[in-house]
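Each remark here refers to the structure printed beneath this line.
In the working numbering, the protein residues as written are 1133 to 1515.
What follows is the structure, encoded as structure tokens:
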């Protein structure tokens, strides 16, 4: 397959609301098919075509065997450049180590089957660091052994989104496989662009310009998904007692939850019931960041937890990216997403490797030129 002016083709499994798609589209990929079994996430994906032109369908991966994937993507065998996806990863979360095998891990195997049969030039797999832990490492080693048997050269690493302009500490495992006609190894992971702490995007830089959401709990008329969560009187008292950057360990004893009074529990969950710090990156935005009790998700200054809109911005989504669904559903979509700026950085490395192969360049590392990634627009003004 020779490179043309057309964008290299890509299929995305487990697309969610579209964080990975948005980043890879910005990098230069043509998303020919995206799918997810979460109807709300698919609706969010499709309502944002002003950010990426592709359309997602609501399907389970088991419903789309390899040949069906190609057919629905309008591709012939050999035309697929990239198969990408982040199978649901809770089964490998460090919070679940030691628990029974999670059936969701079987989705990784479904993804593997499609790699082996479709044989794209590249595949990209995203997951939590737990997949490299005690239990997950054996599973990952088995996966890599399978794809190596069909000719893939594999690369894996842990990347922190805050090293790529995202205002959030978020470490994730990325696995890239390449199976190129020349047999050369051309891919290398992108170098961090903001690893220096002075270059990182802070919470203040990311969301400090947003107005407070209405106090009546309604959505802000100019900012989508920007509303105030209703907190109990007890949690309001906890917020009043905390300054920016403080958490559970800074609360007076009479405001501690009963489960946090024992010495056994005192060693963990230090930052639950916490406020973010204005001048640092945010903690990891999880699928339950909508709850003040689940982490350091209190606003640095206001008497409230951060809004869904603020969480989306801290995840690297554009300020105008809209989400569909209930509060819990939208928080899950945002928390499970791949930050678009990080996805774009990886996508550019894949595009570079694809171009090298198509142009017949020697299989060696090439000098990187400085590239400006597309970050969220801090100058956005609502209409």
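Where is the CB? At the ideal position from N, CA and C, for every residue including glycine.
Remember, predicted model here, so these are calculated numbers, not experimental data.
Burial state of residue i, where buried means 16 or more other Cβ atoms lie within 10 Å
| i | result |
| --- | --- |
| residue 1192 | exposed |
| residue 1174 | buried |
| residue 1516 | The question about residue 1516 has no answer, for the chain in this structure spans 1133 to 1515. |
| residue 1138 | exposed |
| residue 1282 | exposed |
| residue 1360 | buried |
| residue 1481 | buried |
| residue 1332 | buried |
| residue 1322 | buried |
| residue 1308 | buried |
Closest residue to residue i among the options (Cα-Cα distance)
| i | options | result |
| --- | --- | --- |
| residue 1258 | 1145, 1201 and 1184 | 1145 |
| residue 1362 | 1351, 1355 and 1356 | 1351 |
| residue 1371 | 1436, 1195, 1305 and 1252 | 1436 |
| residue 1328 | 1253, 1311, 1412 and 1367 | 1412 |
| residue 1432 | 1472, 1341, 1166 and 1244 | 1341 |
| residue 1296 | 1457, 1478, 1314 and 1273 | 1478 |
| residue 1203 | 1349, 1166 and 1172 | 1166 |
| residue 1246 | 1261, 1269 and 1275 | 1275 |
| residue 1469 | 1243, 1405, 1438 and 1420 | 1420 |
| residue 1438 | 1251, 1466, 1484 and 1216 | 1466 |
| residue 1176 | 1453, 1459, 1472 and 1471 | 1453 |
| residue 1168 | 1184, 1143 and 1158 | 1143 |
| residue 1289 | 1277, 1313 and 1260 | 1260 |
| residue 1459 | 1473, 1277 and 1440 | 1440 |
| residue 1376 | 1241, 1220 and 1429 | 1429 |
| residue 1416 | 1208, 1304, 1171 and 1195 | 1304 |
Nearest-angstrom Cα separation, counted from residue j out to residue i
| i | j | result |
| --- | --- | --- |
| residue 1374 | residue 1409 | 11 Å |
| residue 1434 | residue 1344 | 8 Å |
| residue 1424 | residue 1380 | 11 Å |
| residue 1178 | residue 1188 | 6 Å |
| residue 1306 | residue 1386 | 44 Å |
| residue 1248 | residue 1462 | 33 Å |
| residue 1182 | residue 1163 | 14 Å |
| residue 1384 | residue 1300 | 28 Å |
| residue 1255 | residue 1339 | 34 Å |
| residue 1155 | residue 1347 | 34 Å |
| residue 1365 | residue 1405 | 13 Å |
| residue 1326 | residue 1161 | 24 Å |
| residue 1471 | residue 1483 | 18 Å |
| residue 1215 | residue 1354 | 37 Å |
| residue 1280 | residue 1310 | 10 Å |
| residue 1200 | residue 1270 | 30 Å |
| residue 1485 | residue 1140 | 12 Å |
| residue 1226 | residue 1293 | Confidence is the limiting factor: at residue 1226 the pLDDT is only 40, short of 50, which leaves the residue's position unreliable, though a coordinate-based value still follows. For residue 1226 and residue 1293, the distance between alpha carbons rounds to 18 Å. |
Residue i, DSSP secondary structure in three states
| i | result |
| --- | --- |
| residue 1108 | For the chain, the structure presents residues 1133 to 1515; residue 1108 sits outside this window and is missing. |
| residue 1336 | helix |
| residue 1318 | coil |
| residue 1438 | coil |
| residue 1228 | Low local confidence applies: a pLDDT of 40 at residue 1228 is under 50, so the model's placement there is unreliable, and no value is given. |
| residue 1327 | coil |
| residue 1352 | coil |
| residue 1269 | helix |
| residue 1425 | helix |
| residue 1344 | coil |
| residue 1465 | helix |
| residue 1242 | helix |
| residue 1367 | helix |
| residue 1180 | coil |
Distance cut-off 6 Å: residue i Cβ against heavy atoms of the ligand ATP
| i | result |
| --- | --- |
| residue 1279 | Ligands are entirely absent from the displayed structure, and the ligand ATP is therefore not among its contents. |
Residue-chain proximity (residue i, chain B), Cβ-Cβ < 7 Å
| i | result |
| --- | --- |
| residue 1440 | As a matter of chain content, chain B is missing from the structure shown, which is built from one protein chain. |
Count Cβ pairs between the region 1482-1492 and the region 1313-1321 that sit closer than 8 Å; are there 3 or more? yes
For the structure I just gave you, are there three or more beta carbon pairs, one from the region 1382-1393 and one from the region 1436-1453, closer than 8 Å? no
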